[in-house]
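Numbering (mature numbering (1 follows the signal peptide of the UniProt record, and there is no 0)), first residue to last: -42 to -1, 1 to 262. A virtual CB, placed ideally from N, CA and C, is assigned to each residue, including glycine. Bear in mind that the values here come from a model prediction, so they are computed numbers and not experimental data. Everything below concerns the one structure shown next.
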Ligand code: 9J3
Ligand code: ZN
């Protein structure tokens, strides 16, 4: 500490304040360096939730958060068919990102229900929905996913637990096609994860939402050659995008609990809804072909 004569105590206080200001500015620069450096820590990212992930934590049947659920009657909402909200029970960690998930043609929320607690226990508010009718087409399912997100963030009992700027969509088959439609209609969505998606529209150059598409090698309803692969290939090459083709799988593989779908969906949602770069290690380099993965495509490293 510098010494000053008593007679200049006023000046001394002013100078001390200037030094304090300099110290604050220096700390801010150090903080910025940490933020942009390679090993960004928890305190740098306000959206990061939960402990550092491991291969086993993203493969586990449940993540670190205990989950509660709320049934939403179709009679209480407009624009979609109601559903079930799964959410971390505790409010200690603040707000979470949210994901709406649509089932496929002729199917109900029960066909995608396993994803509710699986994803919510990792730190998301998850809304598995029913559609207005089970015959609704992908465009309608996209609108319904967005209506469900609007209900979640504006009207639902958990609206105060959600960060409305951190939203994503998923869906199976025509619901997966619907998740592409939702992202096309609302580019502010932070992540999309279509599961064996089906759509007559094969090209998605309009998307600005980071998108992970799951195909199934044995899918005869939405064959990868006419659905998932052209969907992936038609996404902008500058977009963060990925394609994982499940090995020894069918169109209906996403309808029951599946570790490969879970671990890469969790990683994608964490990476792009929460900006949580701790999950980048599971996405890049791309997963190699294995007993469960037939092939994978994508850009690495990610750019957004
Ligand atoms: O399971 C689905 O949502 C898919 C698609 C399908 O059967 O489309 C044919 C009209
Ligand atoms: Zn198109």
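Give the secondary structure of residue i by DSSP, where H, G and I count as helix, E and B as strand, and everything else as coil.
{"i": "residue 247", "result": "coil"}
{"i": "residue 252", "result": "strand"}
{"i": "residue 105", "result": "helix"}
{"i": "residue 190", "result": "helix"}
{"i": "residue 27", "result": "strand"}
{"i": "residue 222", "result": "helix"}
{"i": "residue 179", "result": "coil"}
{"i": "residue 22", "result": "coil"}
{"i": "residue 14", "result": "helix"}
{"i": "residue 5", "result": "coil"}
{"i": "residue 146", "result": "coil"}
{"i": "residue 258", "result": "coil"}
{"i": "residue 124", "result": "strand"}
{"i": "residue 42", "result": "strand"}
{"i": "residue 169", "result": "strand"}
{"i": "residue 241", "result": "helix"}
{"i": "residue 227", "result": "helix"}
{"i": "residue 159", "result": "coil"}
In terms of residue numbering, what span does the alpha helix (DSSP H) encompassing residue i cover?
{"i": "residue 139", "result": "132 to 143"}
{"i": "residue 203", "result": "That residue, residue 203, is in no alpha helix (DSSP H); its beta strand (DSSP E) goes 199 to 204."}
{"i": "residue 33", "result": "Counting along the chain, residue 33 falls outside any alpha helix (DSSP H), and DSSP gives it neither H nor E."}
Using beta carbons (cut-off 8 Å, strictly below), is residue i in contact with chain C?
{"i": "residue 221", "result": "Absent here is chain C; the protein component of the structure consists of one chain."}
Assuming residue i is part of the beta strand (DSSP E), what are its boundary residues?
{"i": "residue 210", "result": "Residue 210 -> no beta strand (DSSP E), and no H or E assigned at all."}
{"i": "residue 56", "result": "54 to 60"}
May I ask whether a heavy atom of the ligand FAD can be found less than 7 Å away from the beta carbon of residue i?
{"i": "residue 223", "result": "For the structure depicted, the ligand FAD is absent and the ligand set comprises only the ligand 9J3 and the ligand ZN."}
| field | At least three beta-carbon pairs within less than 8 Å, the stretch 204 to 217 to the stretch 169 to 177 | value | yes
| If you pair each beta-carbon of the stretch 65 to 82 with each one of the stretch 93 to 105, do three or more pairs fall below 8 Å? | As far as the Cβ criterion goes, the stretch 65 to 82 does not touch the stretch 93 to 105, which means the pair count is below three.
| Does the stretch 20 to 39 come within contact of the stretch 74 to 84, defined as at least 3 CB pairs closer than 8 Å? | yes
| query | Any contact of the stretch 146 to 155 with the stretch 216 to 234, i.e. 3+ C-beta pairs under 8 Å? | reply | yes
| said: Count Cβ pairs between the stretch 30 to 41 and the stretch 15 to 22 that sit closer than 8 Å; are there 3 or more? | reply: no
| Any heavy atom of the ligand ZN nearer than 6 Å to the CB - residues listed | 159, 161, 162
| request: Run through the stretch 62 to 113 for me and flag every whole beta strand (DSSP E) of 3 or more residues, listed as ranges in chain order. | output: 82 to 87
| task | Kindly confirm or deny that the stretch 181 to 193 and the stretch 230 to 238 touch, where touching means at least three C-beta pairs closer than 8 Å. | result | no
| Is the number of C-beta pairs between the stretch 153 to 166 and the stretch 239 to 251 that are closer than 8 Å three or more? | Counting Cβ pairs under 8 Å, fewer than three are found: no touch.
| field | Cβ contact check for the stretch 45 to 62 and the stretch 194 to 201: 3 or more pairs under 8 Å | value | no
| task | Mind the definition here: the stretch 129 to 147 touches the stretch 160 to 169 only if three or more C-beta pairs lie below 8 Å; say whether that holds. | result | yes
| said: Count Cβ pairs between the stretch 118 to 134 and the stretch 41 to 56 that sit closer than 8 Å; are there 3 or more? | reply: yes
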